[in-house]
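Okay, so here's the structure we're looking at.
Below, the structure is given as structure tokens:
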């Protein structure tokens, strides 16, 4: 049997060490490449931001289109911050930590607070008994129909695209991350992280408003943050909210299987793949999060069989928005319409089609 095929089989069974051993050789970052990745992200971001400002200053309003590439590079900065959080960007803890903290001021994401929440997500992704840590809230069909009418309506609103990718990112990046929600009683670190980031954001904001003016700053930076935030939430969504994703209860949950089959391979066009820091190779990232994002293509090149696991295209990802409930019987994410065909609200004879 081919060793790579055996490795994939092992990842779904008891002998997960084979896969992890294969991927371990990709974990070493290259310092020069990391510096290069940082520079080709920071400078274009600053250039597009400055270009948008010059356009506004000159009264050339079509120039505000430059907020789109500026937002794209801000998103890419977040991907670098993400790798720093895993200790995989430079591979040196102090350097990764301070790089992540500085970028966090631009992305409005308190680095140390976010890093702890994200580590919880990696440790429990796909575990039905440990949902809610850095995840998008996902109910099972049975849980949804056990809720009151008002709470089902609230869940429907929460999962609506306008809320998920519009109101949600604005709430998350502008407001929620200003306080360590979820870690209020977890010691001083979450508070220091959020408050220090808030102070740095306030200072930078005041300096930018002093330099360019309040209206130009709001016209440029607010759209940049909101567009980048919406794109980031979208990426996180489709990387776990796809039909063939994996969820199981603690007794059956195994990290390698949940990592490999509970995260998608979001197969984006090359330009988008580069702009998003290869985060679409998410199943490999979850299996071995210490691999730098710029080495993930090496994994697919050397082990092409990985490319077909959990693969979704850009077009297919658009259809993932309707998948909102986990059906434990079929082992798939389903839509509200499909859930209504197989479920009945407990304790009453009403047809779920008539229920929110």
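Residue numbers (the UniProt record's numbering): 1 to 356.
Backbone N, C-alpha and C fix where the C-beta goes; we use that ideal spot for every residue, glycine too.
Since the model is a prediction, treat every value here as computed from it, not as a measurement.
Quiz prompt | Cβ separation of residue 128 and residue 243, assumed to be a contact under 8 Å, to the nearest whole Å | solution = About 17 Å separates the two Cβ atoms, so there is no contact after all.
Quiz item: What residue range is occupied by the uninterrupted alpha helix (DSSP H) comprising residue 68?
Solution: Element bounds for residue 68: 67 to 85.
Quiz prompt | Neighbourhood of residue 193 by C-beta distance below 6 Å, restricted to the same chain and skipping five residues each side | solution = 110, 112, 113
Quiz item: Between residue 64 and residue 47, is the Cβ-Cβ spacing less than 7 Å?
Solution: no
Quiz item: Should residue 169 go down as buried or exposed, given a rule of 16 or more other Cβ atoms within 10 Å for buried?
Solution: buried
Self-check item: Three-state secondary structure (DSSP) of residue 6
Solution: Note that residue 6 scores 37 on pLDDT, short of 50, meaning its location in the model is unreliable and no value can be drawn from it.
Exercise. With a floor of 4 residues, list each alpha helix (DSSP H) that falls wholly inside the region 242 to 287, ordered by position along the chain.
Key: DSSP runs (the alpha helix (DSSP H)) wholly in the region 242 to 287: 255 to 262, 270 to 275, 282 to 287.
Exercise. With DSSP as the reference, label residue 334 as helix, strand or coil.
Key: strand
Quiz item: Which two residues bound the contiguous alpha helix (DSSP H) that contains residue 291?
Solution: No alpha helix (DSSP H) holds residue 291; DSSP gives it neither H nor E.
Exercise. Kindly indicate which three-state DSSP category residue 308 falls into: helix, strand or coil?
Key: Correct three-state label for residue 308: helix.
Quiz item: Among 186, 322, 296, 230, which residue has its Cα nearest to the Cα of residue 71?
Solution: 230
Self-check item: Contacts around residue 199, its chain only, beta-carbon distance under 7 Å, and the 5 residues preceding and following it disregarded
Solution: Apart from sequence neighbours up to five positions away, no residue of its chain approaches residue 199 with a beta-carbon distance below 7 Å.
Self-check item: Residue environment, residue 137, which counts as buried when at least 16 other CB atoms sit within 10 Å
Solution: exposed
Self-check item: Cutoff 6 Å; reference residue 115; Cβ partners in own chain excluding five residues on either side
Solution: 85
Quiz item: In whole angstroms, what is the alpha-carbon distance linking residue 254 and residue 263?
Solution: One alpha carbon belongs to residue 254, the other to residue 263, and they sit about 14 Å apart.
Practice problem: Express the C-alpha separation of residue 342 and residue 223 in angstroms, rounding to a whole number. | Solution: Looking at the two C-alpha atoms, the distance is approximately 42 Å.
Practice problem: Return the Cβ separation of residue 277 and residue 18 in integer angstroms, given the expectation that the two are a contact with Cβ distance under 8 Å. | Solution: About 27 Å separates the CB atoms of residue 277 and residue 18; that is not less than 8 Å, and the two are not in contact.
Quiz item: Who are the near neighbours of residue 267 in its chain, counting only those whose CB is closer than 6 Å to its CB and skipping five residues on each side?
Solution: Around residue 267: 311, 313.
Practice problem: Specify whether the region 277 to 293 and the region 206 to 223 touch according to this definition: at least 3 beta carbon pairs, one from each stretch, less than 8 Å apart. | Solution: no
Quiz item: Can the beta-carbon of residue 77 be found closer than 7 Å to that of residue 103?
Solution: yes
Self-check item: Contact set for residue 232: own chain, Cβ-Cβ below 8 Å, skip 5 residues either direction
Solution: If we look at residue 232 and ignore the five residues flanking it on each side, its Cβ neighbours are 75, 78, 169.
Practice problem: Would you mind reading off the limits of the alpha helix (DSSP H) that contains residue 112? | Solution: 111 to 124
Practice problem: Use the C-beta contact count for residue 238: other C-beta atoms within 10 angstroms, 16 or more gives buried, fewer gives exposed. | Solution: buried
Quiz item: So, do the region 89 to 106 and the region 159 to 173 have three or more beta carbon pairs nearer to each other than 8 Å?
Solution: no
Quiz item: Cα-Cα, which of 186, 258, 235, 209 is closest to residue 331?
Solution: 258
Quiz item: So, helix, strand or coil for residue 36, using DSSP?
Solution: helix
Quiz prompt | Buried or exposed by the 16-neighbour rule on C-beta atoms within 10 Å, applied to residue 337 | solution = exposed
Quiz prompt | Contact set for residue 49: own chain, Cβ-Cβ below 6 Å, skip 5 residues either direction | solution = The beta carbon of residue 49 sits closer than 6 Å to those of 70, all from its chain and outside the five residues before and after it, given in chain order.
Quiz prompt | Residue from 148, 150, 155, 298 with nearest C-alpha to residue 139 | solution = 155
Quiz item: Nearest to residue 91 by alpha carbon, out of 108, 106, 147, 31?
Solution: 31
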